[in-house]
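For the sequence shown, my numbering gives the first residue as 13, with consecutive numbering after it. Ideal Cβ placement from N, Cα and C applies to all residues, glycine included. Since the model is a prediction, treat every value here as computed from it, not as a measurement.
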Amino acid sequence: MVRIVAALALAFAFSPALAAVNLNTATRDELLAVPGIGPTKAQAILDHRAAQGPFNSVDDLRDVKGFRGKLVERLRPELSVGAAPAKGAARADAVGKPPARRVDAKGMPAVARADAGRIADEKPRK
13 MVRIVAALAL AFAFSPALAA VNLNTATRDE LLAVPGIGPT KAQAILDHRA
63 AQGPFNSVDD LRDVKGFRGK LVERLRPELS VGAAPAKGAA RADAVGKPPA
113 RRVDAKGMPA VARADAGRIA DEKPRK
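Written out as structure tokens, the structure reads:
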């Protein structure tokens, strides 16, 4: 019985569901998993992050539409900001690679010229 309790304690200790959600890297789905954050608030966080850059603290959430003091305090244990990217550092896209530029794709031997422009045009611009 002691082994089962110990195993469960270890499993929960390392569970990503119990880890604080990083406001600077969280996806919409990760934000929706936080109790108290619905679709509208999740989108507001993503929009604010895209427009204003990374959050420096959980308190910065007060600047996001729909987040008041009491809600921020209730969410604080569930959220973190982690290390903010260095100022001027290139932001990575969803797969962790820097956004492609047309010239980068053209220089790749495995990518045809016609495809290079299409690939670069599909990448979101910041």
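Check whether residue i and residue j have beta carbons under 8 Å apart
i: Phe67; j: Arg61; result: yes
i: Ala54; j: Val76; result: no
i: Thr37; j: Gly94; result: yes
Expected contact under 8 Å - CB spacing of residue i and residue j to nearest Å
i: Val70; j: Leu35; result: 7 Å
i: Gly48; j: Arg80; result: About 12 Å; that fails the 8 Å criterion.
Own chain residues within Cβ distance below 8 Å of residue i, not counting five before or after
i: Ala32; result: Pro89, Glu90, Leu91 and Ser92
Residues of its chain near residue i, where Cβ-Cβ distance is below 6 Å and the 5 sequence neighbours each way are ignored
i: Pro51; result: none
i: Gly65; result: none
i: Val84; result: Leu73 and Arg74
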